[in-house]
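One rule links them: number in our numbering = place in the sequence shown (from 1) + 1.
Notes follow once the structure below has been shown.
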Amino acid sequence: MFQKYKWKKRLLISYFHDDEFQSLMKEEINRFFINNNQAIEERQLKHIAITQDDFDINQIPLINKDTFGLYLVGLDGTLKRYSKDLKLLESLFDVIDSMPMRKMGMKK
């Protein structure tokens with residue numbers, strides 16, 4: 002499911018247990034992406050919202066089916082950070098900017 006983004010995009014994956022809550026979180030994340038569009042593009046970041054149904058269709062090894070929240074996945078396809086709520090958004094750019102691949106990209 003996420004393999005096609007490896008080495009192309011960092012992923013912010015939102016996974017929440019309740020459809021209504023998932024909608025609210027997705028709306029908040031979309032607002033964050035719109036308000037920070039240039040910074041998002043510079044950091045090659047993409048948001049993907051997943052549901053419990055996605056676990057039935059796809060194998061998602063990075064995420065525990067019972068652990069809801071936000072997951073930051075690096076360009077290399079590995080999990081870099083997790084937050085059970087939207088707090089990850091507050092430090093998202095700092096976390097990404099501290100990653101070795103991002104540091105190399107900023108030097109160019």
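Every residue, glycine too, gets a C-beta built ideally from N, C-alpha and C.
Residue range L80 to S84 is occupied by the beta strand (DSSP E) that includes S84, with no alpha helix (DSSP H) assigned at that position. The residue from D54, L87, L76 and Y16 with its alpha-carbon nearest to that of K104 is L76. Within its own chain, the residues whose Cβ lies closer than 6 Å to the Cβ of W8, once the five positions on either side in sequence are excluded, are L76, listed in chain order.
Taking I49 as the centre and dropping the five residues before and after it, the same chain places the C-beta of L12 and I14 closer than 7 Å to its C-beta, in chain order. G78 sits away from F17, with the two beta carbons spaced by 9 Å or more.
In this structure, the CA atom of Y72 is about 12 Å from the CA atom of K47. DSSP, read as helix, strand or coil, puts I14 in strand. Annotation for K27: the continuous alpha helix (DSSP H) segment containing it runs D20 to N36. When the beta-carbon positions are compared, T68 and K85 come within less than 9 Å of each other. Per DSSP, L87 lies in no beta strand (DSSP E) segment and is marked neither H nor E.
Cβ-Cβ distances below 6 Å link K10 to Q45 and K47 in the same chain, with the five nearest sequence neighbours on each side left out; the list follows chain order.
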